[in-house]
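Residue numbers (this note's numbering), protein chains in the order written: chain W, -12 to 87; chain G, 812 to 1376; chain H, 44 to 806; chain D, 45 to 588. Just below is one structure, and these are the notes that go with it.
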Amino acid sequence: MIDPSWIVGLGVILFGIGLLGTFYHKNAIVVLMCIELMLNSANLNFVAGAMYYSDVNGWVFTAIAIAIAAAEVAIGLAILLSMYSTQETISLEDANILRN
Amino acid sequence: MNSLNDIPLDILIPEVIMTIGMLMMIVIPNLGDAKIRLPLTRTHIPVLIGGTRFSLVSNPVIPSIIAIITFASASLMSLVMLLENKTATAPPIIEINQFTSLFSMIFTFALLLTSISAFYRLPSKSDAKIPNDKDTTASKNSKITILMNNRRQVDFYILLLMVGLGMCLVAKSTHLFMLFVCLELASLSSYVLVGFHKESQIGGEAGTKYFIVGSVASAIGIYGMSLLYLWNGNLEIASLTNAWQNMDSLDPFAGIGMGLMLVAFGFKVGAAPFHLATPDAYSGASSPVAGLLATASKAMGFVAMMRILLIITMPESGEEAYWMFALAIISVITMTWGNLAALTSDNPKRMLAYSSVAHAGYMMAALSAIGTGLGDFESNTLILTAIIFHLTILVLFKFGAFMVLTLIENEGSSHTISGLNGLVRRDPIIALSMFIFMLSLAGVPPLSGFLSKLLMINGIINLSAGTGSITSVAVFTWITSVNMIFWLAIAIVINSAISLFYYLRIGLIMFFEDPITDDPLDRAIYLRLTIVLCALLTLLCGIGPLSESLLGIVNEAAQSFLLVR
Amino acid sequence: MGQNKHEYPLIYPLIPLLLIVPIMKYALGMDSFDAAFLIILVPLLVFPTILLIGQIYNKNIMWKEKYKEGGVLALGALGVSLYVAIWILFDYLSENQQFSHHTVVEWFQWITFDFLQSDYTIHPETRIIGVGIWIDSISLMILFVATFLCFLICWFSMGYMNTDPINEDRNHRFYAEFVLFSMGMFGMVLADSFLWLFIFWEIMGLCSYLLIGFYYWKVSAAYAAKKAFLTTRVGDVFLMVGLLILYDIYGSLSFEVIFDDPSTGVAGALVESNQLFWALLLLFVGAVGKSAQFPLHVWLPDAMEGPTPVSALIHAATMVNAGLYLVARMVPFVDVHHNGLAGLEELGIIIAYIGGITAFMAASIAFVQNDIKKVLAYSTMSQLAYIFTGLGVALWFYNTGHHHAATIAFGASMFHLFNHAMAKGMLFMASGSVIHEVHHAHDHIHKGQNNNNFDPQDMRNMGGLASKMPITATAMMFGSMSIIGVPLIGGFWSKEGIIAETWKAALEEEPLMFLPAILILATAGMTGFYMSRMWLMTFAGEPKSDVIDHVHESTPWIREPLLILTIITAIGGFILSLFGIIDFLASETDHLKMHGGIISSVLDTLEHAFLPNDMNTRLIGWITIFLSFIIGPIMAARIHGGNLKEGEKANPLIGWLVSLSSKFGSQDVSELSNSQMSKALQNRLYFDDMYEYIISKSIIPFANLSAWFDRTIIDGMIKQIESKAVLGSLQIRRVTTGSARDYILMAAVGTLSIFILIWGMGS
Amino acid sequence: MSLDVLTIITITPIFTGLILLLMPQILPKEISSNLVKVTRNISMGIALGIFVIATMLFFGFIGDIDWTNIMQGNYVLKNDPFSLISSIGVQWKVGTDALSFPMIWLTTLLIPISMLVEWDAKRGHLFHPLLLIMEGALLGVFVSLDLFVFYVFWELTLIPMFLLILVWGGNDRKYAAMKFFIYTFTASVFMLIGILIMYFHTNPISGLGSMTGHHFDLVEMVAQENLIPSEGLRHFVWILLLVGFATKMPSVPVHTWLPDAHVQAPTAGSMLLAGVMLKMGAYGFLRIAVTLFPESTIVFIPLLIFLGMASLVYGAWVCMGQTNLKRMVAYSSVSHMGLIFLGIATMQPLGIAGALFMMFAHGIISPLLFAVAGAFKHHYHTLEIGSMRGIAHHSPYLSGHMMLGWMASLGLPLMAGFVAEVAILIAFWMEFGWLVMLPALTLVITATYYLTSMQRTIFESDDPHHGILPDTLNGEQPRDITWHENTGMFILGLLTILFGIFPFIFWDMMSSWSTGFVTETLVEAMQNKDTWNSNIDWLMEVLK
């Protein structure tokens, strides 16, 4: 059995990578992936908590969070697609008609 | 554990109505004469789904009518529940009291307004034709637009219903995870709504930005929540509250988790510096959606925020909440940023977005006043009343302004302020209503915006003015001895003064610039009526019996919210 | 112009007004002083009447012909005032009346208020500032002078103003303002408190402004009007502060309260002489402004821009006398015999100095004036300065306890006021007559085209008018004689007293008085010169321009006032002296009556005048007579005298005088008149230039600076806030770059700072 | 709710105004285009009716009130208060006394006159109803005894005035209107904070403030002992209130909104602005700041004197540097308003009565000034001093009114302004001695700028039969002023003189009120405050 604190530590690292990635990368898809990383780090925490507290809720939270992430990705890709169809870019840097 | 039977469905009437509405939205437009042949027979049994649609339901107006009816009845039922003081709990996830009913009413009412405006913003025409080769490009395009609008009616209103469902449940959840899930439901649907006009460049872009930033914020929030889970092992609000109060010193998991959740909700309410995507989203979205974001979505964020700040992390009376200082600073930054940025905005929607940022700042200032722990239950209730009252009437005048913009938007552009040029000459009543909305936003008496702002300043002063040294004989000794929360009141006042500039500028433009076109505005009769109704309510809620009763309701709601602890 | 003889019937409708006094006296049983309100009220009501009717019926023939554009109404109003004034005068003088030393009638309470004492209790008595009238010998005399002269000048104006085409359709304004002006003077004289004195005083200031600026289109007139108002306003402000001090001392401004016992102030407190001194000094500054004394004299010569009747009104009948009246009212404060305060000698000395300096200065400037009205203006200044000197001396005497000397000086000063007013009123009207006729003649010749800049007021264009205008010439002669102080005529009887008493003070008591004494003595001689010069330049010698041949004394309404005033000037002084006017004016007696028989009084009076017991006085008297009567006129005759043109004949008296003037030889003064001194005098000793310079270098730049400061600094700060806000707005909007990455970055930074804030504050 | 007259005169104009405003929008076009005349007649009728009511109140025909005998702290014509927002203690409570009644009368007087002066205003169907709303708002400020309602009316006056400037103003009206609104609004929100602090120190009254336990009732606040316990806070609140009131008055250095607003405002607008709106500041200051915090007032007397002097003297100097007629008149208002502070600073019944009378007198004179300036602008299309000369020829009536107004404003006796000036100066001398030279000498400056402006407008045409016409007339001959302008100015001029000769008509009630005010409110504070005298000594020290 792995000590939950390792899991939490991994979660922190993942979260950090994800967060840094969100504003480091231009490509919206990559950013989306980074967000997934962040969500997964939260999932890791839930898992760790569930293990630590032996609480079944934690697993449920994880499952639902994954569902949310899936929905998010679905919606996100759809929106990105619609942007791509009009602006022909998915770079977050270049899409700046709306500003100031 | 609880079984489904323990959840009394009659207290979830608004949600049930909305669910039914959703089902109807899916079913009714698809009713047709489709028949299914019984296998091996020649009997065709009508299944009613699919096939050539009945002429009655093939009308593209149907979804919007369903939405309007749904929201109207949900709103009405919320009101009824509110007036009946219906309270119930379904531990651990749902609780119903006046507070939740009030907010369901706010949300559903805002959504009702959204649907009414969208009825004209996304016009559906039953006589849509397919473009053929003879058409010119322009007429081809318009035909395509009409077709497209007809086709996506259902999508739009279903998304609206989902937003409504999510929001109403946010207000009712007593479980943090439940709250978050519902919040995500509302948020995700609203991302789509923002980017709904995918044929336009800005629609897609606004959707993308709002989605990306929002997702990051919710990811942060979920992460924060997971930290809380690690800390407590239970995400029920009551349990968290209990744990928080029994905590000797601030646990880093708890502290950081709460802080991160605050960020997520801060994004929802549009607090600086998490608000940056808001103006882009508002200006990219259609006006009804922007109005929805500015009122209901913000209110939802505040509900969540209040749950965290005022229920979970609120210390015993007399102690200062750990977030007080941070929130106070953020509130000042938020209101100043919002007002300053709105000052020179040429896009009315952006301007309104910034203004809603500023309003968030005011409300956060009031929240942080509760955080000082100076007040007793009474005075905390008063401040909370002010905030809830503000959120309530904000639906009237902020949405009112967006409804006026909807009218303008229909004829082309609401992206520059010149769209409002000379509105008074084209349509005096609409212009007058807009002026009333602007004045109310600015907080000019006797409009309701003034009353709410007054109540907020009131609450802050109530808490802080007593803290100054009683024995001081000079102004300066008093000033140095007063709690710093007092200066929040001054900050609000100065910010209101700055905000006058841009609110009045709208008035100026409506009254004095020459209109770009002399054509009358859209007829949009129900929208007009709604606008005028909103203006009237804005006026009536400022002073007199209506404001009195509204205040009473809000006050009870605030009490019921705070009594949870 | 034209058919003049038929104009007198116009005033027939006014005749029923004569019934007013009998009706009031017998039918209503009123006392004269109860009717005094009419003196003020009637003009006050007639003022708007004329103005309104005039404005509405302007250019109406009937209004023009029958009412002389309001002249008749004005005349009626002033007639009523005069009539009631005379009634009061008679009542006062007749012995069977209830008049005590003075009389007060309270009309209404203007304002009432309570007073918080220094122990934080309200004074039990409510203080009242009321309105009423106060009559004593001084006010009666001045009231008579004012009503009488106003009436006559109004009469004169109907000839002077209505025949000048330039005034057509504007005369109603003139008459209305004229009446209001008169009302101001009457009110001021009758006022029973210093406050109301001040109020009417200011009304006069307003009217002088309006009347001096009557020819509104003339830049010089507008300027002069403004100058007059502002200069007097400077004095008035000080006067007002003086009133405030007085009020603080006595808790009231009414004469009755103050004069009852000037040494005790409010609630029986003893008055500090120092404080009172400042109060009176400030009052005097006001008087200086109003009576055009150095250094606030600059407005008076410019005031000649108004029509001539206005000059007469301001200089003789009304405004300038106000200052004298105010100073005369100071007597009870300093009269140590009647509860006055000791220790106010400096006040008298200051007044005398101001008087002396002004007298000399004005007389010297008058030497070089060529404008007939300007000469008269400076003569007014100079003569008023005489009176001021006399009053100063009187105040000094009163304060040092020399009661008898004080009475004489005071009485003489007041009497000089009377004489001067009569003479000067007449002189101005006479000069008006001259100007008017010369102007007409010029118009007649040049058909109304004034292309050669002919100035009908310039004496260098006149000469030899004695034969053309006999009545005017005679009147002017007597007027000048009165001003000069020719023995037995008018001003002689008063001027002697002033000079003698000043010298007495200087010689016997106070060496400081020497300067005013010497100055006014010198001025006596100078008066002789410049008045003679004026008369001679105008009437004697050969005509200096072609228009003189066409001059006729034909305008109606002009001669009567001249005649009446000639008689009064010629013999009035002597007769009133016979009746002991000086004692009467000094409030020593309540009645005018001769002591003993006619012959003995005449002899007494003459002896008193020419051979007084006191050696010093006698010496001074004769020196004065010598200087003013012999030296001055002869010098003038040597320069300007000369016979009339061949064939012109004047009436015997004037003819003799003209021929006499040619007997002293002639003297060329062109060198002198080109000297620096003369230039300086012609430029009024550069006072105007200096004031102008100071104002243009101090007040106007400072005002512009203030305006700039307000616009740029105070309002600029607001604008800065605004522009800075806009700048800040643009800056802060740039943070919203449009790039979602930046938004996330900002959010992350925000998250971090939240934690820093939370834990930073927590630790 | 019983039928009380103050409520009626406040509510009627607002509602009729609103109805008249909205009527043309609702009715069909054919009817509404003919409505202008009807609208203005109705407006005028209502305004006159209210004026008649106010006058009858004054003479005692209604209510039978002895105006000179209202004790301080008592109010007449009180209504039966009923709550508007009872949960926070807002109620409709009205009443008047000798402090507010002259202002009420003045308002009811000025509204019909300003309607008359701009009888032919463009878009009259909006103009006159707006004035009616204005009237209601102004009256509301003066009658309300509930600070919340007071504040609401206080801000409500801004809106019609804002629109008046905006719609009917001059070329730079947008800037002026914005500045006016934002400037005064900003100041008054500070006042609002002051009011709220007071509000939270009120003791609960049964039936009011069910939610907060506090109330806005001014009368109760005055009656409450020791409303705010901390003296420092009292001073602070006093200063907050002062910020609001001084800006409205306006006092230097927060006066710069006034010239801009006036120059751009239509004639009727500036008449009301100068005539009544400025008085709201002084009224509020006396009614709230001084009444509730007499001790603070006494402590801050040097500040008051400084503000008053600054407004008076500096305002006059700035006046002299102006080239625009209306700007000059506007600054003269600043200058005259300074006298009010000086009058209050004396703490003498006479001084305070003088200040009250100043409010009243200035309320009659300054509309006259602005009516003249407005007519000048209207007929000669310019406001530059010196561009149009010789009005005396072209428009004798206008020049007459101008002369009268200017003279009244520079403090000529027998006109209303003089009474106030004399009263204030007497009281000022009694308290502060030689300091009075400053206001006194300012009278000369005042005279100078007024006379100079007259010299360059009425006089100096260089020709008896022509004026010097400004370029803005493009060579046309100027018209004489219209009958309605003439009548309006005439009435004002007449009243100026009437109250100059017979000031006791209103003076008596003001005087007895001030006596009561001093004895009831100030004396105790003065006794408590030894610093009163030491303050003055301190001031004297500084001046030496």
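By construction, the Cβ of each residue, glycine as well, lies at the ideal position given by its N, Cα and C atoms.
If you look at P604 (chain H), you'll find it in the alpha helix (DSSP H) that goes 602 to 610. Rounded to the nearest angstrom, the Cβ distance from G1270 (chain G) to L1218 (chain G) is 36 Å, too far for a contact under 8 Å. Residue-level contact check: W260 (chain H) touches chain D, since one or more beta carbons of chain D fall below 8 Å from its beta carbon.
Shown here, I1354 (chain G) sits in coil according to DSSP, grouped into three states, outside any helix or strand.
Within chain W, the residues whose beta carbon sits less than 7 Å from that of L788 (chain H) are F10, listed in sequence order. Assigned with DSSP and collapsed to three states, W751 (chain H) falls in helix. For S772 (chain H), no CB of chain W lies under 8 Å from its own CB, so it is not counted at the interface with that chain. When secondary structure is reduced to three states using DSSP, I178 (chain H) falls in the strand class. Secondary structure of N1057 (chain G) (DSSP, three-state): coil. In the DSSP assignment, Q318 (chain H) falls within the alpha helix (DSSP H) that extends over 316 to 333.
Put simply, the CB of S796 (chain H) is far from chain W, with every gap to its CB atoms at 8 Å or more. The Cβ atoms of F582 (chain H) and A516 (chain H) lie closer than 8 Å to each other. Between L517 (chain D) and Y424 (chain D), the gap from beta carbon to beta carbon is short of 8 Å. The secondary-structure analysis by DSSP pairs D414 (chain H) across a beta bridge with H:D501. Residues of the segment 1119 to 1152 of chain G that bring their beta carbon within less than 8 Å of a beta carbon in chain H comprise Y1133, W1134, F1136, A1137, I1140, I1141, W1148, L1151, A1152, in sequence order. Counting of Cβ neighbours within 10 angstroms places L313 (chain H) among the exposed residues, the total staying below 16. Within 8 Å of the CB of P273 (chain D), the CB atoms of chain G belong to I1281, in sequence order along the chain. The beta carbon of Q69 (chain D) lies closer than 6 Å to none in the same chain, with the five residues before and after it left out. Rounded to the nearest whole angstrom, the C-alpha separation of F329 (chain D) and L286 (chain D) is 7 Å. Within a 10 Å sphere around the beta-carbon of H634 (chain H) sit fewer than 16 other beta-carbons, which makes this residue exposed. P411 (chain D) sits close to L154 (chain D), with the two beta carbons spaced by under 8 Å. Runs of the alpha helix (DSSP H) lying entirely within the segment 893 to 940 of chain G and spanning at least 4 residues, in chain order: 909 to 932. Residue-level contact by beta carbon fails for G3 (chain W) and chain G, as no gap is shorter than 8 Å. In this structure, G675 (chain H) places its C-beta atom within 8 Å of the C-beta atom of G568 (chain H). Between T351 (chain H) and G475 (chain H), the C-beta gap is smaller than 8 Å, which places the two residues in contact.
If you draw a straight line from the Cα of W163 (chain D) to the Cα of D1157 (chain G), it comes to about 38 Å. Among the residues of chain H, those whose CB is under 8 Å from the CB of F548 (chain D) are F151, Q152, W153, I154, T155, following chain order.
Using a Cβ-Cβ distance cut-off of 8 Å, the segment 519 to 527 of chain H and the segment 461 to 469 of chain H are in contact, since at least three pairs of beta carbons, one from each stretch, lie closer than that value. At a cut-off of 8 Å between C-beta atoms, D821 (chain G) does not count as an interface residue with respect to chain H.
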